[in-house]
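Colleague: Chains as they are written, first to last, in our numbering: chain A, 90 to 179; chain B, 10 to 341. Cβ atoms here follow ideal geometry from the backbone N, Cα and C, with glycine treated the same way. Sharing a structure, written as C-alpha cells. Questions coming.
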Amino acid sequence: MKEVVVEVIGVDPPCKRCQATYKSVEEAALTLKAKDIDMKIFKLTAQSKDTIAKYGVLVPPALAINNVVKVMGRVPEKKEVERLILTTVK
Amino acid sequence: MLIFIFFTVGYLIYSRIMAYSLAPTMKPADFHGLAIWEIPVAYLVDYFSHGWICLLFAFVAAGLIYEFIPKEAITKYMGGNKVTAYGLAIVMAPFLTVCSCTMVPLFAGVLYTGAGIGPAMTFLLMAPAANILSILLTGEIISWELAGVRIIASVVVALAAGIIVSKTPWGKATQKEHRVNSLASSSKIEIVKPPLDERLWSALKFGGYIAKRILPFFLLGLVAVSYVEAYLPEDIVGTYLTGVTGVLIASVIGGPLYTPTLVEIVLGKGMWDLGMSKGALLSWLMGQPYDVANALAVSRIVRWKVVLTYMAIAWAGSVIFGLTYGALSRSL
Numbered sequence: 090m091k092e093v094v095v096e097v098i099g100v101d102p103p104c105k106r107c108q109a110t111y112k113s114v115e116e117a118a119l120t121l122k123a124k125d126i127d128m129k130i131f132k133l134t135a136q137s138k139d140t141i142a143k144y145g146v147l148v149p150p151a152l153a154i155n156n157v158v159k160v161m162g163r164v165p166e167k168k169e170v171e172r173l174i175l176t177t178v179k
Numbered sequence: 010m011l012i013f014i015f016f017t018v019g020y021l022i023y024s025r026i027m028a029y030s031l032a033p034t035m036k037p038a039d040f041h042g043l044a045i046w047e048i049p050v051a052y053l054v055d056y057f058s059h060g061w062i063c064l065l066f067a068f069v070a071a072g073l074i075y076e077f078i079p080k081e082a083i084t085k086y087m088g089g090n091k092v093t094a095y096g097l098a099i100v101m102a103p104f105l106t107v108c109s110c111t112m113v114p115l116f117a118g119v120l121y122t123g124a125g126i127g128p129a130m131t132f133l134l135m136a137p138a139a140n141i142l143s144i145l146l147t148g149e150i151i152s153w154e155l156a157g158v159r160i161i162a163s164v165v166v167a168l169a170a171g172i173i174v175s176k177t178p179w180g181k182a183t184q185k186e187h188r189v190n191s192l193a194s195s196s197k198i199e200i201v202k203p204p205l206d207e208r209l210w211s212a213l214k215f216g217g218y219i220a221k222r223i224l225p226f227f228l229l230g231l232v233a234v235s236y237v238e239a240y241l242p243e244d245i246v247g248t249y250l251t252g253v254t255g256v257l258i259a260s261v262i263g264g265p266l267y268t269p270t271l272v273e274i275v276l277g278k279g280m281w282d283l284g285m286s287k288g289a290l291l292s293w294l295m296g297q298p299y300d301v302a303n304a305l306a307v308s309r310i311v312r313w314k315v316v317l318t319y320m321a322i323a324w325a326g327s328v329i330f331g332l333t334y335g336a337l338s339r340s341l
C-alpha cells in the first residue's frame with residue numbers, strides 16, 4: 090500500500106468549481122484503491138494564512154500532491170488526477 | 010471542438026463584415042401598443058435573434074483565455090516586488106477573475122505575501138471593473154469606444170486606490186497585521202499540463218459553466234430592461250441622467266444595483282437609447298467595484314476603514330471620469 094497526500098485547495102465558503110475538483114479527487118481515490126494506492130485527502134482554504142505561508146498565492150481550485158501544487162485554477166478530470174498520482178507514486 | 014471554436018470566431022467576424030448589429034435593436038417607440046406580457050417576449054426574441062453569437066463568443070473566449078493563461082507565472086511574481094505586483098494586478102486581474110470565487114483568495118494572497126495592500130487593492134478594483142467578459146460585452150453591445158474608455162478609467166482608478174490605501178495609517182496597519190513571514194519557495198509548485206485536447210475541452214466546459222451561472226440573471230435583466238425601455242419616459246431620463254446631476258445619480262445607483270451578471274451593460278444601453286449622456290453611462294458602468302456584496306466579502310479580511318476608503322475612491326473616480334468623458338465627447 091503506497092500512501093499519497095492529496096490537498097484540494099479551494100475557497101471558504103466552497104465554490105462550485107472547488108467542489109467539482111474535490112469530487113474528481115474522491116472518484117480517483119476509489120479507482121486507485123484497487124491499484125493499492127491509499128490517498129489521504131485534505132481540504133485547504135486558499136485565503137487562509139497557513140495555506141498562503143505554505144504555497145504562496147494560488148488561484149483556486151488547486152491541487153497539491155505530496156506537498157507539490159500540480160494543478161491551479163482549473164477543475165481536473167478524474168483521469169487527470171489519477172494520471173498525476175500514478176506519476177508521483179512511480 | 011476546434012471546429013466549434015473556429016465557427017464561433019468565424020461567425021462573429023462574418024456578422025461584423027455583414028454589418029449586423031449585435032446589440033438590441035428595438036427602440037422605445039417599438040413597444041407602444043404591446044400588451045404587458047408581450048414586451049419582454051418581443052424584446053428577448055429581438056435580442057437573441059442577433060445577440061446570441063456575441064454572447065457565445067464572449068463565453069467561449071473567456072473559457073479559452075482562462076484556461077491558457079499561465080496562472081502559475083502570475084502568482085509567482087505577484088507576491089514579490091511592488092512595481093511588478095502593481096503591473097501584474099492591472100494586466101492580469103481582468104483575465105484571472107472571470108469566476109468570482111477566485112477574487113477574494115487572490116486578494117488575500119497578494120496581501121499576505123510580500124506585495125502588500127496596495128497591489129491587493131488595485132487587483133480587487135481592477136478585476137470586476139475590467140474583466141474580459143464585461144469588456145467584450147460593453148464593446149459589442151454599447152460601443153468599443155466606451156469599452157476602451159472604461160478600461161483606461163478602471164486602470165487609473167484602481168492604481169490610485171491601491172497607492173492611496175497603502176499610504177493611509179489604517180492601510181499600513183492592516184498590512185502589518187497580515188504579513189506572513191515564511192514565503193513559499195517556488196519549488197513547491199510544479200504545474201503539470203494535460204494534453205491539448207483535454208485543455209480545450211476543459212476551456213469549453215468552463216465557458217459553459219460561466220454561461221450557466223450568468224445567463225439566468227442576464228435573462229431576468231433583459232426582461233427588466235424591456236420594461237424600463239417601454240415605460241420609463243424619455244423626459245425623465247433626459248432630465249435626470251444628463252449633465253452633472255446625471256453623472257452623480259448614475260454613479261450612485263450604479264453601485265448597489267450591480268450584480269456580477271453583465272446586466273448593467275444592457276440596462277445602460279437601454280437608458281442610453283432613452284437619452285442618458287455618455288458621461289453618465291460611463292459612471293454607471295464604473296459603479297461596480299463598490300457594490301455591496303463585494304465590499305462585505307473583503308471586509309472579512311481587512312478593516313472597514315480600508316473598505317470605506319477604497320469605495321470612496323472608486324466612487325470619486327467614477328464621477329471624475331464620467332464628467333471628463335462627458336465633457337470630452339460633448340455628451341454630458
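Can the beta-carbon of L173 (chain A) be found less than 8 angstroms from the beta-carbon of K159 (chain A)?
Modeller: Yes. Within cutoff.
Colleague: So, at 7 angstroms on beta carbons, what are the nonlocal neighbours of T183 (chain B) in its own chain, with the 5 sequence-adjacent residues on each side left out?
Modeller: Here the set comprises I126, V311, R312 and V315.
Colleague: My parser needs the alpha helix (DSSP H) runs of 4 or more residues fully inside the region 99-162 of chain B; what are they?
Modeller: List check, alpha helix (DSSP H) in window: 112-121, 126-138 and 141-146.
Colleague: Would you identify the three-state DSSP class for K124 (chain A), choosing helix, strand or coil?
Modeller: Three-state DSSP puts K124 (chain A) in coil, outside helix and strand.
Colleague: Looking at the secondary structure, which residues open and close the alpha helix (DSSP H) in which E243 (chain B) lies?
Modeller: E243 to Y249 is the span of the alpha helix (DSSP H), which, as asked, contains E243 (chain B).
Colleague: Using a Cβ distance threshold of 8 angstroms, determine whether the region 110-121 of chain B contacts the region 138-149 of chain B, with at least three qualifying pairs required.
Modeller: The answer is no - the region 138-149 of chain B does not touch the region 110-121 of chain B, with fewer than three Cβ pairs under 8 angstroms.
Colleague: Taking the alpha carbon of K105 (chain A) as the reference point, which residue from B:A162, B:R222 and B:L120 has its own alpha carbon closest?
Modeller: Cα-wise, what sits closest to K105 (chain A) is B:R222.
Colleague: Indicate the three-state DSSP secondary structure (helix, strand or coil) for V93 (chain A) in the structure shown.
Modeller: Note: V93 (chain A) maps to strand in three-state DSSP.
Colleague: Since Y95 (chain B) and P128 (chain B) are thought to touch, with beta carbons under 8 angstroms apart, how far apart are those beta carbons, to the nearest angstrom?
Modeller: Their Cβ separation, rounded to whole angstroms, is 5 angstroms, which keeps Y95 (chain B) and P128 (chain B) in contact under 8 angstroms.
Colleague: Would you kindly work out how many angstroms separate the C-alpha atoms of I144 (chain B) and W46 (chain B), rounded to a whole number?
Modeller: Their Cα atoms are separated by approximately 32 angstroms.
Colleague: Starting from I154 (chain A), trace the beta strand (DSSP E) in both directions and tell me its first and last residue.
Modeller: Unbroken beta strand (DSSP E) run through I154 (chain A): A151 to I154.
Colleague: Relative to chain A, which residues along the region 118-138 of chain B have a C-beta separation below 7 angstroms, given in chain order?
Modeller: Result list: G118, V119, Y121 and T122.
Colleague: Does the contact criterion of 3 or more C-beta pairs under 8 angstroms hold for the region 62-69 of chain B versus the region 216-235 of chain B?
Modeller: Counting Cβ pairs under 8 angstroms, three or more are found: they touch.
Colleague: Against chain B, which members of the region 135-158 of chain A pass a CB distance test of less than 7 angstroms?
Modeller: Here the close residues are A135, Q136, K138, I141, A142, K143, Y144, G145, V146, L147, V148, P149, N156, V157 and V158.
Colleague: Compare the Cα-Cα distances from E169 (chain A) to each of A:V93, A:A117 and A:V94 and report the closest residue.
Modeller: Nearest option by C-alpha distance: A:A117.
Colleague: Cβ-heavy atom distance between R222 (chain B) and the ligand MN below 7 angstroms?
Modeller: The model on display carries no ligand, and the ligand MN is accordingly not part of it.
Colleague: Start and end of the alpha helix (DSSP H) containing K167 (chain A)?
Modeller: Run containing K167 (chain A): K167 to V178, per the alpha helix (DSSP H) assignment.
Colleague: Is any beta-carbon of chain A found at less than 8 angstroms from that of L105 (chain B)?
Modeller: Interface residue, yes.
Colleague: For the region 100-128 of chain A, enumerate the residues whose C-beta is nearer than 7 angstroms to any C-beta of chain B, in chain order.
Modeller: Going along the region 100-128 of chain A in chain order, one finds V100, C104 and R106 with a Cβ nearer than 7 angstroms to chain B.
Colleague: Specify the secondary structure class of G171 (chain B) as computed by DSSP and reduced to three states.
Modeller: Correct three-state label for G171 (chain B): helix.
Colleague: When you compare only the Cα positions, how much space is there between V69 (chain B) and P178 (chain B)?
Modeller: If you take the alpha carbons of V69 (chain B) and P178 (chain B), they lie about 44 angstroms apart.
Colleague: Could you say which of B:M295, B:L294, B:G296 and B:L317 lies nearest to L305 (chain B) if we only look at CA atoms?
Modeller: Looking at the Cα atoms, B:L317 is the closest of the given residues.
Colleague: Expressed to the nearest angstrom, what Euclidean distance is found between the alpha-carbon atoms of A193 (chain B) and L231 (chain B)?
Modeller: Model confidence at A193 (chain B) stands at a pLDDT of 49, short of 50, so the residue's coordinates are unreliable and nothing is read from them.
Colleague: Measure the alpha-carbon distance for K181 (chain B) versus D139 (chain A) and round it to whole angstroms.
Modeller: The straight-line gap from Cα to Cα measures roughly 21 angstroms.
Colleague: Please report how far the alpha carbon of M130 (chain B) lies from the alpha carbon of L228 (chain B), in whole angstroms.
Modeller: One C-alpha to the other measures close to 32 angstroms.
Colleague: Taking DSSP as the reference, what is the three-state secondary structure of I45 (chain B)?
Modeller: Of the three classes helix, strand and coil, the one that applies to I45 (chain B) here is coil, per DSSP.
Colleague: Tell me, to the nearest whole angstrom, how far the beta carbon of T251 (chain B) is from that of M285 (chain B); I am working on the premise that it is less than 8 angstroms.
Modeller: Between M285 (chain B) and T251 (chain B) the Cβ distance is about 7 angstroms, and since that is below 8 angstroms, they are a contact.
Colleague: What residue range is occupied by the uninterrupted beta strand (DSSP E) comprising M161 (chain A)?
Modeller: That run of the beta strand (DSSP E) goes V157 to M161.
Colleague: Helix, strand or coil for T333 (chain B)? Go by DSSP, reduced to three states.
Modeller: In this structure, T333 (chain B) counts as helix in the three-state DSSP scheme.
Colleague: Against V95 (chain A), what residues of chain B qualify as contacts under a CB-to-CB distance less than 8 angstroms, listed in chain order?
Modeller: Those within 8 angstroms of V95 (chain A) in chain B number zero; the least Cβ separation is about 14 angstroms.
Colleague: Can you give me, in chain order, the residues of the region 161-172 of chain A that have a beta carbon less than 9 angstroms from any beta carbon in chain B?
Modeller: Hits within the stretch, in order: M161, G162, R163, V164, P165, E166, K168, E169 and R172.
Colleague: If we call anything under 8 angstroms between Cβ atoms a contact, is A169 (chain B) one with I322 (chain B)?
Modeller: Taking 8 angstroms as the Cβ cut-off, A169 (chain B) and I322 (chain B) qualify as a contacting pair.
Colleague: Which of helix, strand or coil does DSSP assign to L205 (chain B)?
Modeller: If DSSP states are grouped into helix, strand and coil, L205 (chain B) belongs with the helices.
Colleague: Run through DSSP, which three-state label would L177 (chain B) get?
Modeller: The displayed chain sequence assigns Thr, not Leu, to residue 177 (chain B). Three-state DSSP puts T177 (chain B) in coil, outside helix and strand.
Colleague: Between which two residues does the alpha helix (DSSP H) containing E273 (chain B) stretch?
Modeller: From DSSP, the alpha helix (DSSP H) with E273 (chain B) extends over V272 to D282.
Colleague: With which residues is G296 (chain B) paired in a DSSP beta bridge?
Modeller: In the DSSP output, where bridge partners are listed per residue, G296 (chain B) has none listed.
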